[in-house]
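Enquirer:
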Amino acid sequence: MRWSQIVQLAVIAAIVGAATTAAAVLIPWLPPSASEQRDRIDFTFWLVTGISIFIFAVVVSVILFSVLKFRARPDDDTDGPPIHGNTGLEIAWTAVPALLVTVIAVAAGVVLTQNGNAGSNPLRVNVTAVQFAWSFEYANSSAKGVQATTLRLPLGRPVQLELHSKDVIHSFWVTEFGQKMDALPDTPEFPHPTHLVITPSKLGTFPIICTELCGLGHSLMRSQVIVMKPAQFDAWAKARKQA
Amino acid sequence: MKRLGAPGFFRCLWMIPLFFGIGVGIMAIVRYLEGWDPVWLNEVAVTTALVTIPFGFLAGIGAFDYWARYAIGQPTEPEDHSGHGARSWRDYFRVNTDHKVIGIQYIVTTFIFFLVGGLLAMIFRAELARSGSEVVDTQAFNGLVSVHASLLIFLFIVPVFAGIGNYVIPLMIGAPDMAFPRLNALSFWLLPVAGVMMLSSFLVPGGAFASGWTCYAPLCTDQPLGSVFFNMGVQWAGTSSIMTALNFLVTIITMRAPGMTFWRMPLLVWANLTTSMLVVLATPFIAGSQFFAMFDRVLHTNFFVADEGGYPLGYQHIFWFYSHPAVYIMLLPGFGIISEVISTFSRKPIFGYRLMALSLVAILFLGFSVWAHHMFIAGIAPWLRIPMMVTTLLIAVPTGIKVFSWLATMWQGRIHFKTPMLWAVGFIAMFLIGGLSGIYLGTVPVDVHASDTYYIVAHIHYVLYGGSVFTIFAGIYYWFPKMTGRMYSERLGKWHFWLTFVAFNMTFFPMHYIGLHGMPRRVADYAPQFENWNLFISISSFALGASMIIFLYNMITSWSRGPRAVANPWRAHSLEWQVSSPPPLFNFAEIPQIVGGPYEYGVPGARHAVFSDDGATKLEEVSSDAETEVRG
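Residue numbers (the working numbering), protein chains in the order written: chain Z, 79 to 321; chain F, 60 to 691.
1. Can you give me the start and stop residues for the beta strand (DSSP E) that D260 of chain Z sits inside?
2. Mind checking S496 of chain F: buried by the 16 CB within 10 Å criterion, or exposed?
3. Evaluate the contact criterion for the segment 302-309 of chain F versus the segment 254-263 of chain F: three or more CB pairs, one atom per stretch, below 8 Å.
4. Residues of chain Z with CB closer than 8 Å to the CB of V160 of chain F, please, in chain order.
5. Could you tell me how far apart the beta carbons of A346 of chain F and F363 of chain F are, in whole angstroms, since I believe they sit closer than 8 Å?
6. So if DSSP puts I304 of chain Z in a beta bridge, which residue, or which two residues, is it bridged to?
7. Given 8 Å as the limit, is there contact between the segment 192-209 of chain F and the segment 521-531 of chain F, that is, 3 or more CB pairs closer than that?
8. Anything in chain Z within Cβ reach of P441 of chain F, meaning under 8 Å, just list it in chain order.
9. Under 8 Å, do D157 of chain F and D236 of chain F count as touching if we go by C-beta distance?
10. For a test of the three-state rule: what should DSSP assign to Y572 of chain F, helix, strand or coil?
11. With respect to the alpha helix (DSSP H) encompassing Q115 of chain Z, which residues constitute its N-terminal and C-terminal limits?
12. For a minimum of 4 consecutive residues, which ranges assigned as the alpha helix (DSSP H) are wholly contained in the segment 411-469 of chain F?
13. To the nearest angstrom, how far is it from the Cα of R666 of chain F to the Cα of M319 of chain F?
14. When the cut-off is 8 Å and only beta carbons count, does V137 of chain Z lie next to chain F?
15. In chain F, which residues lie less than 9 Å from P159 of chain Z when you measure between Cβ atoms?
16. Around the Cβ of A685 of chain F, are there at least 16 other Cβ atoms within 10 angstroms (buried) or fewer (exposed)?
17. Run through chain F and tell me which residues come within less than 7 Å of R168 of chain Z, C-beta to C-beta.
18. Can you confirm whether the segment 210-222 of chain Z touches the segment 175-195 of chain Z when touching is taken to mean that 3 or more C-beta pairs between the two stretches lie within less than 8 Å?
19. With distances taken between CB atoms, is the gap from F380 of chain F to W430 of chain F smaller than 8 Å?
20. How about L190 of chain Z and P504 of chain F: do their beta carbons lie closer than 8 Å?
21. Cβ atoms of V275 of chain Z and N195 of chain Z: under 8 Å apart, would you say?
22. Output yes if chain Z places a C-beta closer than 8 Å to the C-beta of A626 of chain F; else output no.
23. When we look at the beta-carbon of W248 of chain F and count the other beta-carbons within 10 Å, is it buried (16 or more) or exposed?
24. Q198 of chain F and G266 of chain F - do their beta-carbons sit closer together than 8 Å?
25. Rounded to whole angstroms, how far is the Cβ of S464 of chain F from the Cβ of I409 of chain F, which I believe are closer than 8 Å?
26. I'd like the span of the alpha helix (DSSP H) that includes Q83 of chain Z, first residue to last.
27. How many Å lie between V303 of chain Z and A317 of chain Z at the Cα?
28. Which of the residues in the segment 266-285 of chain Z, read from start to end, lie with their CB under 7 Å from any CB of chain F?
29. Is it buried or exposed for A101 of chain Z, if we count other Cβ within 10 angstroms and need 16 for buried?
30. First and last residue of the alpha helix (DSSP H) that includes F173 of chain F?
31. Assign Q375 of chain F to buried or exposed, taking buried as 16 or more other Cβ atoms, counted over all protein chains shown, within 10 Å of its Cβ.
32. Rounded C-beta distance between Y514 of chain F and G574 of chain F? I'm assuming under 8 Å.
33. What alpha helix (DSSP H) runs, 4 residues minimum, are completely inside the segment 294-366 of chain F?
34. Mind listing the chain F neighbours of E290 of chain Z? Cutoff is C-beta to C-beta under 7 Å, in chain order.
35. Does the beta carbon of E649 of chain F fall short of 7 Å from some heavy atom of the ligand HEM?
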């Protein structure tokens with residue numbers, strides 16, 4: 079392999095890498111975030127994206143270079159050089175990907191632990207899914223005992239959702255919160271609760287959607303989450319309790 | 060009258076009703092004797108009939124004739140090879156024991172299911188072109204989505220590789236046929252049974268099975284009758300897979316030509332060896348999951364019924380313990396095909412042959428340790444997520460070895476971009492994207508966001524279409540001259556590739572975007588913000604469907620009147636190219652002697668196999684003919 083080939087290959091790789099980076103940065107791949115957990119999810123997303131761009135640029139530039147430089151004329155019936163392998167290269171492309179996925183796994187493990195940690199005093203809400211609706215019951219805080227079909231959450235306080243289903247498997251997702259978890263059918267006698275932690279970081283109203291095929295009304299199984307200032311939340315809770 | 064007794068479709072005409080009667084008769088008698096009321100229950104009758112009718116069909120077509128005669132002590136049919144090899148097109152509609160006939164039966168049948176499955180996708184893409192409900196109602200939509208996936212997985216990608224392997228593996232290892240030719244025929248004839256069963260679910264009251272190809276309990280046990288057709292259809296397709304895989308294992312282990320050590324096997328043979336191990340070890344698990352789900356429904360057992368103490372997640376664990384290895388069942392043979400094609404058309408030995416073979420074995424083992432990555436958000440024990448993430452990400456290492464070794468094989472080669480090579484290089488690029496989106500999904504926090512959205516739909520289509528289907532096309536074009544004895548049209552083949560390549564990316568790449576932005580999968584209706592992208596995707600998917608017309612036209616016209624193919628049009632070294640196209644009835648006039656590796660391009664004087672003197676001269680004549688025709 080000559081130096082000129084390496085330089086040409088590096089130029090192609092740089093162009094592919096730059097184009098891919100531009101596509102990654104300029105297109106808004108991720109919708110706006112509204113929770114601390116989504117921010118950490120986005121961080122792992124961009125970590126994986128960086129590594130992916132590197133691998134994509136290496137592979138695609140070698141393909142392009144081979145297509146351009148090693149194409150044989152139709153009447154050329156000679157064979158290529160009989161290279162059977164190269165131990166150094168083979169070790170390198172075993173070790174480097176192993177290292178890269180280790181980096182991803184460590185970062186993801188840390189994020190996962192943080193995203194599952196609700197702190198010492200979370201707001202607890204029981205979520206019940208049924209074909210094809212959501213209902214919510216507050217288990218502590220000023221709203222204890224309040225039932226609702228729209229989820230209202232105070233800004234900035236970690237929330238621990240406990241999910242149950244009355245019939246088939248459903249899945250709770252708010253795109254802006256990032257966190258998602260299935261609700262499993264269970265009974266008080268045979269409980270299968272699942273849990274999800276969310277810390278809202280932005281005021282607003284966001285759709286809750288069911289993401290696990292649950293029957294005919296699956297695509298219509300929607301509700302809303304409203305993130306409010308803590309004082310407003312307390313006022314709402316008080317009003318609901320009196321009503 | 061004689062026709063009604065001879066094996067064939069006429070005998071099926073009375074055998075199928077007979078076995079239907081036996082099935083429902085047993086049900087009615089048992090229920091009557093037990094005093095259960097009512098004696099006739101539609102659901103139970105359909106389930107038992109779906110067990111017995113296939114036996115009627117197989118008995119009618121003659122799949123059991125030899126064994127039945129043998130078992131009752133009658134003389135078996137004389138070994139005149141009347142059931143071996145095809146003399147006319149009619150022989151393809153009979154039970155035949157020739158691996159080459161069975162290979163073509165497999166490939167044509169599975170491509171028919173490919174077309175049907177693709178057309179189902181066209182219908183639901185029409186529905187998804189606008190939000191709201193226009194073309195089909197929700198039950199029909201869910202049915203179309205479910206049957207689309209089931210047909211393409213269980214009746215196209217998994218068995219088409221068995222078909223290609225059936226044709227070329229015995230040739231590649233220098234064997235006259237598969238180890239168990241009659242078992243081979245039986246495995247093939249189970250496929251139309253399974254496919255017709257899944258499709259006929261559209262005709263029963265309540266419509267087709269509609270809880271996705273994953274058929275998660277307890278949803279699938281609440282669904283209308285069509286669900287049973289999935290439970291049972293999977294059993295027949297799975298039985299076919301297991302029998303073929305056993306056949307491949309015995310064939311590859313015991314029937315290699317003298318001198319063909321494991322380290323001299325072509326990589327497609329390695330790939331089929333590892334795939335067959337996966338099939339034999341994993342497929343019983345999906346059989347179990349579907350039997351349990353069917354029992355919950357028909358016998359009112361409580362495997363997955365939470366109210367009675369059943370465990371809903373149990374279904375998913377058992378299901379994915381097969382269905383994740385199944386992804387490798389659908390990819391490893393494709394890896395093998397790509398190795399053959401890249402080496403031949405780059406005129407270079409496979410780079411790092413032994414590591415290529417060992418990485419297949421590594422994927423085999425790791426493939427069994429990752430199933431729960433389909434369940435990161437399913438409510439599994441939280442501690443299970445980290446080890447499953449680590450093993451999932453580790454699979455990137457052997458997969459990366461394969462990709463880099465293919466690139467190194469092309470490097471400094473003399474690359475001829477014939478149609479198979481185009482598909483092979485296109486495969487590397489598309490599978491790269493599918494592999495990288497797999498790294499995203501293996502990373503648990505990202506999976507938590509992207510799971511159950513269109514991001515998953517994009518990922519699996521990059522892996523199974525840009526991955527598996529591209530390798531299938533590479534293989535079909537590569538061995539078309541060998542199988543049919545005729546050349547396909549290069550011009551149409553290239554048109555087919557480029558149209559598919561562009562339309563494929565236009566269809567599936569935007570799905571990453573809409574998925575991350577919150578469009579869940581398997582929805583008949585969606586938020587208006589995704590309308591423009593869905594319209595774009597639907598139009599692209601119709602272009603993707605249209606690209607198949609070029610392929611079909613090319614295959615049909617080339618098969619009937621294409622130019623005659625020589626024995627070795629690609630100047631390849633492996634054994635299947637050292638015999639005529641199509642090969643003689645028993646493949647080799649004499650057993651070849653293997654003297655070297657299969658990819659020794661550029662090594663002066665290197666041979667993969669030698670025949671005795673007489674054979675060697677013939678071989679040289681053939682190959683010099685080949686070169687003149689390729690140049691001409």
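Every residue gets a Cβ at the ideal spot worked out from N, C-alpha and C, and that includes glycine.
Expert: Reading from the atomic positions:
1. 258-261
2. buried
3. no
4. The premise fails here: V160 of chain F is roughly 34 Å from chain Z at the closest Cβ pair, so nothing lies under 8 Å.
5. So it is not a contact: roughly 16 Å between Cβ atoms.
6. Z:R230, Z:T283
7. no
8. G194
9. yes
10. The DSSP-derived three-state label of Y572 of chain F is helix.
11. 114-147
12. 412-426, 444-453, 455-469
13. Between the alpha carbons of R666 of chain F and M319 of chain F lies a gap of roughly 12 Å.
14. yes
15. K407, Q471, G472, G661
16. Because the pLDDT of A685 of chain F is 44, which lies under 50, any placement of that residue in the model is unreliable, and the number read from its coordinates should be weighed accordingly. Label assigned to A685 of chain F: buried.
17. Note on residue identity: the sequence assigns Glu, not Arg, to residue 168 of chain Z. Those are G411, L414, listed as they occur along chain F.
18. no
19. yes
20. yes
21. yes
22. no
23. buried
24. yes
25. 7 Å
26. For Q83 of chain Z, the enclosing alpha helix (DSSP H) covers residues 81-104.
27. 18 Å
28. Contacts with chain F (Cβ-Cβ distance below 7 Å) from the segment 266-285 of chain Z involve F268, H270, T272, listed in chain order.
29. Answer is exposed; the Cβ neighbour count stays below 16.
30. 158-187
31. buried
32. 3 Å
33. Taken in chain order, the unbroken stretches of alpha helix (DSSP H) that lie wholly in the segment 294-366 of chain F and span 4 residues or more are 326-357.
34. Near E290 of chain Z (Cβ distances below 7 Å), the residues of chain F are D511.
35. For the structure depicted, the ligand HEM is absent and the ligand set is empty, with no information on it obtainable.
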